[in-house]
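Once you know that position 6 of the first sequence is 27 in the numbering used here, the rest is easy, because the numbers rise by one and skip nothing.
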Amino acid sequence: MPADSFTDRVKDLLVRIPHGRVATYGQIAMLAGNAGGARQVVRVLHSSSARCKLPWHRVINSRGTISLRPGAGYELQKELLEAEGVEFGNNGRIDLKRFLWSPG
DNA sequence: AACCTGACTTCGG
DNA sequence: TCCGAAGCCAGGT
Numbered sequence: 022m023p024a025d026s027f028t029d030r031v032k033d034l035l036v037r038i039p040h041g042r043v044a045t046y047g048q049i050a051m052l053a054g055n056a057g058g059a060r061q062v063v064r065v066l067h068s069s070s071a072r073c074k075l076p077w078h079r080v081i082n083s084r085g086t087i088s089l090r091p092g093a094g095y096e097l098q099k100e101l102l103e104a105e106g107v108e109f110g111n112n113g114r115i116d117l118k119r120f121l122w123s124p125g
């Protein structure tokens, strides 16, 4: 498989997300050079998280909430993020103003 | 090659 | 602010 595909660039970006920060699917897709490819980021996470190679828990949706449904990993992701210092609001939202990762 | 699916995003009501 | 519908791309079947 190609080494510089969109998928591989997504992997590189994911491992660059700093500890205690989060990124959105759309953001990763855009940084990887494929705006609108948010759903592909999901696929990458499936592949890599299955291999326990990437910090999949640091990826959330544009609303600042966890996309996983309760019982399907939601609580796990929340705990992992809180363990890194990410704070959740009463409604389970993360303040993207403070925790969203910026490659700059 | 066509169809299906998914941890999304955006828009309108 | 919340909900439903439509649009989106790539990999798996």
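Idealized CB from N, CA, C, for every residue including glycine.
If you look at E100, you'll find it in the alpha helix (DSSP H) that goes 95-104. Here DSSP, grouped into helix, strand and coil, assigns V107 to coil. Per the coordinates, the alpha-carbon of N111 lies some 20 Å from the alpha-carbon of V80. For the pair of segments examined, the segment 59-70 was found not to touch the segment 102-116: the number of CB pairs separated by less than 8 Å stays below three.
Residue pairing for V80: DSSP places it in a beta bridge opposite A44. DSSP places T86 in no alpha helix (DSSP H); its state is neither H nor E. The segment 47-73 is shown to contain whole alpha helix (DSSP H) runs of 4 or more residues at 59-71, in chain order.
Between V62 and F120 a beta carbon distance of about 18 Å is seen, past the 8 Å cut, so the two are scored as non-contacting. The beta carbon of G47 is closer than 7 Å to those of A59, S83 in its chain, skipping five residues each way along the sequence.
A direct Cα-Cα distance of roughly 31 Å separates G113 from D29.
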